[in-house]
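What follows is a set of notes on a single structure, which appears directly below.
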Amino acid sequence: MNAFSTSTIPTIDNLDISSLERGRVHRFWVTLGENGLGRPIVVPVLVAHGRREGPVVGVTAALHGNELNGIPTIHRLFQTLDPDEIKGSVVGVPVVNSPGYLLNQREFNDDSDLNRRFPGRAGGNTGQVYAHRFLHRIATRFEYLIDLHTASFGRVNSLYVRADMTNKVTATMARLVNPHIIVHNKGGDGTLRSAAEDHGIHAITIEIGDPQLFQQSLIRSSRMGILAVLDHLDVFDDDVEHTFEPAIECVSSFWIYADHGGILTVHPPLGKRIERGSQIATLTNLFGDVICSYTAPEDGVVIGKSTNPVAQTGARILHLGRVGQIDGTARHDEALKEES
């Protein structure tokens, strides 16, 4: 038998970290339901369970099934961790939305957005049950959560973090990741991050580039950022000297949408600071005539943008961040130690 065969990995119904042997990495399939054949629907879970007491940090990826950069980020993170040396536990879930992942699609297999289904419902529809079980069988074990995402189909993202920047703990976590951009965002209804915070779990979201591919530089940067957070939480002693470039911080962000249909070209690159009135996109018809030119409604920074030329009325054009400092946030990493 192949030494790396997944057939030897146990399948369980609930993650019980307290029962695990310390000083090793454990692998499980955790069951969250059954498919139409009556076979289990499972998600892969890794647990680096340290020899010494400490916090439980969860890192999740592919909650949207085609957002893949987080998968190798988790793999490489676990290749770095030595359970003999860490304090507490690091839990990695490389693929949360396994049905969507198998279909190469963002949505769950009932075509719903799984990241709008939390906290879910035990007696609900398929997406609600799946979300409820993931939350209660796995995620509620965490004290901290780092949820890894990418842009959706037809769009690209910078490396940016969404976090509640009025919370000293999550603000510090966000800055330690060392992204290009940080957006103050408390998490919308139905998201895993919002549900985690309702359970007292400090949670941030890292957006790692683009969908359905691996971008090595962004994967590397994200892994380094997560290690910096773990080092700060005293889970992992990171010997690497990190160089921090101050992120562009945004008080909020919004999408600009097309009010006509046609062939869309978006001009500014990711991360560019743009001024109100500067041209951001043009729309042409199928005969090559420019029918509309779009300008920035205000100053900001380009967080993400559309790369899909086929634009229907209402299509997304550009994700613009409003640059500014949120009052009351921690500007130094001592804040996390004070509250952890």
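Residue numbers for the sequence shown follow our numbering, so the first one is 593 and each next one is one higher.
Even for Gly, the Cβ is constructed at its ideal location relative to N, Cα and C.
| Residues bridged to Leu740 by DSSP? | Ile798
**Asked** What does a CB cutoff of less than 8 Å around Val893 pick up in its chain, not counting 5 residues either side in sequence?
**Response** Ile773, Ile840, Cys842, Gly863, Lys864, Arg865, Ile866, Leu912, Gly913, Val915
Problem set entry | Buried or exposed (CB count within 10 angstroms, at least 16 for buried), Glu833 | exposed
- Message: Please return the same chain residues whose Cβ sits closer than 6 Å to the Cβ of Arg616, not counting the five positions on each side in sequence.
- Response: Pro675
Three or more C-beta pairs closer than 8 Å, one from the segment 675 to 695 and one from the segment 648 to 661: is that the case here? yes
Sorted by chain position, which residues of the same chain lie with C-beta nearer than 7 Å to Pro860's C-beta, five sequence neighbours on each side aside?
Ile866, Ile872, Val894
*asked:* If distances are taken between C-alpha atoms only, which option among Cys884, Ser744, Ser845, Ile666 comes closest to Asp851?
replied: Cys884
**Q.** Alpha-carbon to alpha-carbon, Leu825 and Ala723
**A.** 28 Å
Assigned exposure category for Asp790 - 16 Cβ within 10 Å defines buried = exposed
Notebook entry, point to check: Is the distance from the Cβ of Gly680 to the Cβ of Val827 below 8 Å?
Noted result: yes
- Give a yes or no on contact between the segment 710 to 717 and the segment 755 to 764, applying the rule of three or more CB pairs nearer than 8 Å. no
> Is the beta carbon of Asn661 sitting closer than 8 Å to the one on Ile811?
Replying inline: yes
### Task
With a threshold of 7 Å, establish whether the CB of Arg729 neighbours any heavy atom of the ligand MG.
Summarising the ligand content, the structure contains no ligands, and the ligand MG is consequently not present.
In the DSSP output, which residue or residues are listed as bridge partners for Ile855? Thr876, Val902
Which residue wins for smallest C-alpha separation from Phe846, given the options Arg754, Ile798, Phe879, Ile796? Arg754
**OP:** Could you round the C-beta distance between Ile730 and Val622 to whole angstroms and report it? I think they count as a contact, below 8 Å.
**Re:** 6 Å
Checklist entry - Grouping DSSP H, G and I as helix and E and B as strand, with all else coil, what is Pro838? => result coil
_Minimum C-alpha distance to Arg538 - residue among Thr665, Leu673, Pro636_ = No statement about residue 538 is possible, as the shown extent of the chain runs from 593 to 932 and does not include it.
Check: Are the beta-carbon atoms belonging to Gly646 and Val683 less than 8 Å from one another?
Finding: no
Are the beta-carbon atoms belonging to Ile604 and Ala640 less than 8 Å from one another?
no
- prompt: Does the Cβ of Val902 have 16 or more other Cβ atoms within 10 Å, making it buried, or fewer, making it exposed?
  reply: exposed
Arg725 and Leu624 - do their beta-carbons sit closer together than 8 Å?
yes
Where Asn833 falls: helix, strand or coil (DSSP):
Note on identity: in this sequence residue 833 is Glu, with Asn being the wrong assignment. Three-state DSSP puts Glu833 in coil, outside helix and strand.
Helix, strand or coil at Arg747 [DSSP, three-state]: strand
Handout entry: Residue environment, Ser750, which counts as buried when at least 16 other CB atoms sit within 10 Å
Key = buried
Whole-angstrom distance between Val685 and His924, CA atom to CA atom:
Interpretation of His924 is limited by its pLDDT of 37, a score under 50 that renders its predicted location unreliable; no figure is taken from the coordinates.
**Prompt:** Ile678 by DSSP, collapsed to three states: which one?
**Reply:** coil
Hey, how far is the Cα of Ile800 from the Cα of Asp830?
22 Å
Check: How should Glu659 be labelled, buried or exposed, when 16 other C-beta atoms within 10 angstroms of its C-beta is the threshold for buried?
Finding: buried
**Simplified DSSP state of Phe846, which is helix, strand or coil** = strand
**Asked** Just the Cα atoms here: how many angstroms apart are Ala743 and Phe806?
**Response** 12 Å
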